[in-house]
Amino acid sequence: MGQSAGSAATYHILNSPLHNITIHGAIIQSGVRDPHNPLATSLAENYRTLDVNMDTAARFMASLNCSDIACMRALPMDDLVTEFLSSEFDFTATLDYYAMPDTYLNALEKGIAQNVPIMTGNTKDESGASYGLNITLATYLSDLNETYGTWQQEFLAAYPANDSATASAAYNAQFTDRSKVGTYFWSQLWAKNATSSVYNYIWDHAPPGQTQGANHESEINYAMNNLYGTDLPWTSEDYAIAETMNAYWVAFIMNGNPNAEGLADWAPATDANATVMELSERFQVLPIAKESQIDLFSRWFDSLVAY
267 MGQSAGSAAT YHILNSPLHN ITIHGAIIQS GVRDPHNPLA TSLAENYRTL
317 DVNMDTAARF MASLNCSDIA CMRALPMDDL VTEFLSSEFD FTATLDYYAM
367 PDTYLNALEK GIAQNVPIMT GNTKDESGAS YGLNITLATY LSDLNETYGT
417 WQQEFLAAYP ANDSATASAA YNAQFTDRSK VGTYFWSQLW AKNATSSVYN
467 YIWDHAPPGQ TQGANHESEI NYAMNNLYGT DLPWTSEDYA IAETMNAYWV
517 AFIMNGNPNA EGLADWAPAT DANATVMELS ERFQVLPIAK ESQIDLFSRW
567 FDSLVAY
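Offset between the sequence shown (1-based) and this note's numbering: plus 266.
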């Protein structure tokens, strides 16, 4: 079980043959996505080839005036810590075909992962979507062009806008839908070689006392039912959501299925069931997107190189 970088670690454990551990299920929060999604190259699950990361390591060692591991081990820890996002050295997972046995797409197509139930999903305001966004129509059109290129007009038709308010909403919607649709597509790739179910969710509740909406990591305290361990101004609604969220998590951990008595039914993703479980003050099943939007993402992903 893990979230963000922890979700990537969970995914690697699921795929790697080295640990000799029998896994009974995996909870991957923010989350898995279709390997064709360009965000896979920059978010938590991103990786580099062995040659690239070996070069990065050599340059990092040189920056510390070291040429061997003995020198590096003699340095104080503070010298080895880099600033996330600001460092020129990009440390990622390594595709070495050993610990990481293959690309994400190949791992899915070859059925490399342990065949266990999966619970995975995203939060509404992450992976490109930003609560309270206020951009101009011109900025939205420019971003669509930069992101989708020759597909710009099709995405504009799918996520239309004609002023700043609609541009901001459309910008966020296409990113949130890309997360939901991409995770669903991943579940269908998974199903080609696995019999275990995948349960998808979208977290859509903004914790109180902050202005970032249903942002990255905001589901964690609810899933763990440990609101008491924080200092946000929680309401009775928040405590009720946490009780229900935690019940789903506990049921999945115990049984490989999040469903339990007294909980709204959470159906696994299938070819015939392109839905997602909304986790919020409303616990309900929703379509992942409109059929035309799903088709558009499918065609766009198919035009891209898989990761």
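Yeah, the Cβ is synthetic: ideal placement off N, Cα and C, and Gly gets one too.
- Remark: C-beta atoms of H482 and E547 do not approach each other more closely than 9 Å.
- Under DSSP, E544 forms a beta bridge with I468, Q550.
- Residue range 271-281 is occupied by the alpha helix (DSSP H) that includes T276.
- Selection T477, W515, T536 evaluated against T449 yields T536 as nearest (Cα-Cα).
- A residue is called buried once 16 or more other Cβ atoms fall within 10 Å of its Cβ, and G297 is buried on that count.
- In this structure A517 touches P524 by the C-beta definition: roughly 5 Å separates them, less than 8 Å.
- Taking 9 Å as the cut-off, the beta carbon of P301 is found closer than this to the beta carbon of W452.
- Contact between N491 and E509 holds: their C-beta atoms lie close to 6 Å from each other, under 8 Å.
- For the region 369-450, the continuous alpha helix (DSSP H) assignments of 4+ residues that do not extend past its boundaries occur at 370-376, 403-414, 418-424, in sequence order.
- Excluding sequence positions up to five before and after A540, its CB lies within less than 7 Å of the CB of Y450, P553, I554, I560, all in the same chain and listed in chain order.
- Inter-residue distance for S463 and A395 is about 28 Å (C-alpha atoms, whole angstroms).
- Going by C-alpha positions, A431 is about 17 Å away from F421.
- Counting along the chain, I293 sits inside the beta strand (DSSP E) bounded by residues 292-295.
- Rounded to the nearest whole angstrom, the CA to CA distance from A435 to L399 is 8 Å.
- At the C-beta level, L455 and E557 stay beyond 9 Å of one another.
- The region 310-326 and the region 359-370 touch, with no fewer than 3 CB-CB distances between them shorter than 8 Å.
- Taking 3 residues as the minimum length, the beta strand (DSSP E) runs contained wholly in the region 297-347 are 313-315, in order along the chain.
- Under the three-state reduction of DSSP output, L570 falls in the coil class, being neither helix nor strand.
- The three-state secondary structure of L529, taken from DSSP, is coil.
- Taking all protein chains shown into account, R565 has fewer than 16 neighbouring C-beta atoms within 10 Å of its C-beta and is therefore exposed.
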